[in-house]
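Residues in the sequence shown are numbered from -12 upward in steps of one, following the working numbering. Before any comments, here is the structure.
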Amino acid sequence: MLGVFVLALCGLLPFKIYAVQTGSMSPTIPPASAVFVKPDVYHVGQPISFYEHGSVVTHRLMAVHADGTIETKGDANATIDPWHVSTKDIIGEVVYSPPMLGYWLVYLRNPLGLLSILIAALGCWQIWAFASVDAQNESDVKGAARGRTNGRRRASKVTGRRARSGQPAYSAQESRVSPLSPAGRA
C-alpha cells in the first residue's frame, strides 16, 4: 500500500490523489481520507472530483444536463450543491478512498512534515546502529570472560594450585618441557 502511495505521489500511476478535508461525503468518504481519482472517467451516481472556483471538491455526481452542466451533492448534505459546474471541470471518478491517508498526504506535502519523517528515520537508524554495536561489544566481553575463566581452570588443574589474576599459573621453579627440547628426550 505504501509503495502504491509513493508511486501515485510521483505521478507514475494513472490516478490523481487528493485529500478530503470536510465531512460532506461522510460516511462514504470520511474527512482526512485520500481519494484516488481516475482522470476523465465519470458516471452518474458515482463520487467524482471536480474544480469549483479553484478548489478541488469531491461529491457524488447526480445529473449531467444537455447544456454541459452537472449537478452534484455531498452524501452528508440534504440538498443539491448550489453551484453549476460544467463537465470540462470534472477531474474524474473516485476509484479508491482509504481513510486517514489524506492526513499523511497533507503532512508529507509540507516540507517540514517530510523533514520530520526523514529525521525520525535517521534517528531510528542511528539507535539501531548503536544497539547492534553495544550487543556485539557485550557478546565480545562475555566471550572473553568465559575464555579467562576456562584458562584459569586449566592452569589450576595442571599445577594443582589456583591461578589468581596478575599471577602466573606456573611458578618460577617449575619449567615447561616441550617435546622437542633435548631435556624432553631423556
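For every residue, glycine included, the Cβ atom is placed at its ideal position computed from N, Cα and C.
Alpha-carbon to alpha-carbon, residue j and residue i
i       : j      : result
ASP27   : VAL93  : 24 Å
HIS40   : LEU102 : 32 Å
ASP54   : ILE77  : 15 Å
GLY61   : SER84  : 15 Å
SER73   : SER13  : 24 Å
LEU(-1) : GLY100 : 22 Å
ALA107  : TRP70  : 44 Å
THR29   : LYS3   : A small correction: the amino acid at residue 29 is Tyr; Thr does not occupy that position in the sequence shown. Looking at the two C-alpha atoms, the distance is approximately 14 Å.
GLN33   : VAL120 : 56 Å
THR9    : PRO18  : 5 Å
TRP112  : ILE104 : 12 Å
8 Å contact criterion, which residue i and residue j should meet: CB distance rounded
i     : j      : result
SER20 : GLY110 : Not quite, the Cβ-Cβ distance comes to about 29 Å (not below 8 Å), so this is no contact.
VAL81 : ILE114 : About 40 Å separates the two Cβ atoms, so there is no contact after all.
VAL24 : ILE16  : At roughly 12 Å, the Cβ-Cβ gap does not stay under 8 Å, so VAL24 and ILE16 are not in contact.
ILE67 : MET49  : 6 Å
TYR38 : VAL22  : Wrong, their Cβ atoms sit about 14 Å apart, outside the cutoff.
First and last residue of the uninterrupted beta strand (DSSP E) at residue i
i     : result
GLY79 : 77 to 83
TYR5  : 3 to 6
VAL24 : 21 to 26
Enclosing alpha helix (DSSP H) for residue i [first to last residue]
i     : result
TYR94 : 88 to 96
Any non-hydrogen atom of the ligand COA closer than 6 Å to residue i Cβ
i      : result
ALA107 : Because no ligand of any kind appears in the structure shown, any question about the ligand COA cannot be addressed here.
What are the uninterrupted segments assigned as beta strand (DSSP E) that are 3 or more residues long and contained completely in the stretch 35 to 74, given in chain order?
The stretch 35 to 74 contains these whole beta strand (DSSP E) runs: 42 to 51, 56 to 60.
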